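Numbering (the UniProt record's numbering), first residue to last: 1 to 508.
Report on the following structure.
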């Protein structure tokens, strides 16, 4: 965080300012809980919010004493259930002779959540959204406790069911896929019951009999049996490519014409969504046409990622959409490793680890933590825009967008990460633009994307990203301000810290 530009910042879902003129604010602990249970954030003590939303430096009378008070309380279990900050996360900074305390709150590891205050998780667990800190409902706390366990949630044994209660046709389809990749493997010849135990779809229960696990039930059960154990279970795919009808095609788990389970849903949705991918003419070494590209592998990864990371105990279900701008994938439950770490990869932590293993056994998905980076690489190498991961809370959901455009611009109009500095969420911008995005030039699209991703855009930023002169960049930004897409911010026209941000009219 560049403190020299503090007065140009505004509070958002990753930044909180507190004047703290009367001592350490009591509300600071709620904000720490909120940041730790969401995506992290920065708290600045000694600054206050102006009427226009920008920050004004007040300074602290005795920053050293306040810092001591902070650490004494932070390490008390009565105040904070777990201190997620270390020494390097908290510092005293000076701006124009005034001292501030800056606290960088990291996202808490899932095993430490929920982080709560005053010794009471029921009344002291908070999260952060674009409106500020809010107290978590019971179902949000329960979801965090489920995620805190080191045991995958899909290993639970359902002793009220037997393997015979699973859908034999789906098991047969899965086994054929398995044999295609492991024809010589000893498991291929095992009876169904033993095979299901080997892949984690079944286990021996306390009664000594073999019963389905949650993974086996979700992957191979029939919808009505799954609903008996997971009352909120729902899978929904829609093709929405025009405005004349609500959708051109739909698949839901509640359609009794098919099983309604996760594995059959995967196969049906992939066969539909792959039609959105362009397949260039290409022959293999045997002069046979190659019908798949790396984009198909990326699509498989996106589908499997959402299905294996969904929290099937939560409401609103799994929703996949094929829209004109791209392929959208959304599931209940947040990213377990955080969006930044998911992009980097190397730390696989699926919510339903056994289901992920079952997909991996038939060469779908990636368990080594390289799934998301590999998906991004393969999708972009096929000529499409960069995939966008996003996360929202209240209710908690994770989303992936695979843009169908061949450049970087259009996807940003339709999909902005809820964790970005300006707190926009899916759909906020596209429906409120005063002009159609097709009316914007390439330079204007880049400026708009920067405003979304960075929370602001300057002449220098646009010049560098668009490869244009500063004079052209300045004219582009002024034109967007005239269109009321962006709004200028600064003390005067010669202010070196002046910038543009999304207009208040655009944000409603």
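In this text, a Cβ means the ideal position worked out from N, Cα and C, and glycines have one as well.
These figures come from a predicted structure and were not determined experimentally.
Simplified DSSP assignment, three categories, for residue i
i: residue 135; result: strand
i: residue 142; result: helix
i: residue 393; result: coil
i: residue 220; result: helix
i: residue 124; result: helix
i: residue 177; result: helix
i: residue 270; result: helix
i: residue 303; result: helix
i: residue 347; result: coil
i: residue 419; result: Note on residue 419: pLDDT 36, under 50, position unreliable in the model; no value is reported.
i: residue 279; result: coil
i: residue 235; result: strand
i: residue 485; result: coil
i: residue 328; result: strand
i: residue 113; result: coil
i: residue 432; result: Note that residue 432 has pLDDT 46, beneath the 50 cutoff, so the model's placement of it is unreliable and the number below is only indicative. Of the three classes helix, strand and coil, the one that applies to residue 432 here is coil, per DSSP.
i: residue 388; result: strand
i: residue 161; result: coil
i: residue 17; result: strand
i: residue 450; result: helix
i: residue 443; result: helix
i: residue 340; result: helix
i: residue 171; result: helix
Beta-carbon separation (whole angstroms), residue i vs residue j, contact threshold 8 Å
i: residue 99; j: residue 132; result: With 8 Å as the limit, residue 99 and residue 132 do not qualify as a contact, their Cβ atoms being about 25 Å apart.
i: residue 509; j: residue 391; result: Nothing in the structure corresponds to residue 509, since the chain is present only between 1 and 508.
i: residue 38; j: residue 215; result: With 8 Å as the limit, residue 38 and residue 215 do not qualify as a contact, their Cβ atoms being about 28 Å apart.
i: residue 45; j: residue 74; result: So it is not a contact: roughly 13 Å between Cβ atoms.
i: residue 501; j: residue 477; result: Not quite, the Cβ-Cβ distance comes to about 11 Å (not below 8 Å), so this is no contact.
i: residue 193; j: residue 210; result: 6 Å
i: residue 29; j: residue 117; result: 4 Å
Classification of residue i by the beta-carbon crowding that lies within 10 angstroms, buried from 16 upward
i: residue 181; result: exposed
i: residue 221; result: buried
i: residue 419; result: Reliability of the predicted coordinates at residue 419 is poor, the pLDDT of 36 falling under 50, and no value is obtained from them.
i: residue 111; result: exposed
i: residue 470; result: exposed
i: residue 317; result: buried
i: residue 239; result: buried
i: residue 86; result: exposed
i: residue 499; result: buried
i: residue 122; result: exposed
i: residue 76; result: exposed
i: residue 494; result: exposed
i: residue 178; result: buried
i: residue 451; result: buried
i: residue 208; result: exposed
i: residue 492; result: exposed
i: residue 145; result: exposed
i: residue 384; result: buried
i: residue 10; result: buried
i: residue 159; result: exposed
i: residue 139; result: exposed
i: residue 299; result: buried
i: residue 509; result: It is not possible to answer for residue 509, since the shown part of the chain is limited to 1 through 508.
i: residue 18; result: buried
i: residue 411; result: The predicted position of residue 411 is uncertain, since its pLDDT is 40 and thus under 50; a value taken from the coordinates is nonetheless stated next. Classification of residue 411: buried, given that the 10 Å Cβ count is 16 or more.
i: residue 55; result: buried
i: residue 232; result: exposed
i: residue 436; result: Here the model assigns residue 436 a pLDDT of 48, short of 50, so the residue's position is not dependable and the matter cannot be decided.
i: residue 445; result: buried
Residue i - containing beta strand (DSSP E), residue span
i: residue 212; result: 210-212
i: residue 103; result: 98-105
i: residue 377; result: Per DSSP, residue 377 belongs to no beta strand (DSSP E); it is in the alpha helix (DSSP H), 371-381.
i: residue 250; result: 249-252
i: residue 202; result: 202-204
i: residue 95; result: 90-95
i: residue 312; result: Where residue 312 is concerned, there is no enclosing beta strand (DSSP E), given that its DSSP letter is neither H nor E.
i: residue 585; result: Residue 585 is absent from the model: the chain starts at 1 and stops at 508.
Residue interval of the alpha helix (DSSP H) (run including residue i)
i: residue 318; result: Residue 318 -> not in any alpha helix (DSSP H); beta strand (DSSP E) instead, spanning 318-323.
i: residue 473; result: 470-482
i: residue 195; result: 192-199
i: residue 353; result: 353-360
i: residue 466; result: 459-466
- Counting only runs of 3+ residues fully inside the stretch 19-79, write out the beta strand (DSSP E) ranges in chain order. Counting whole runs of 3 or more residues, the stretch 19-79 contains the beta strand (DSSP E) stretches 41-45, 47-49, 55-57.
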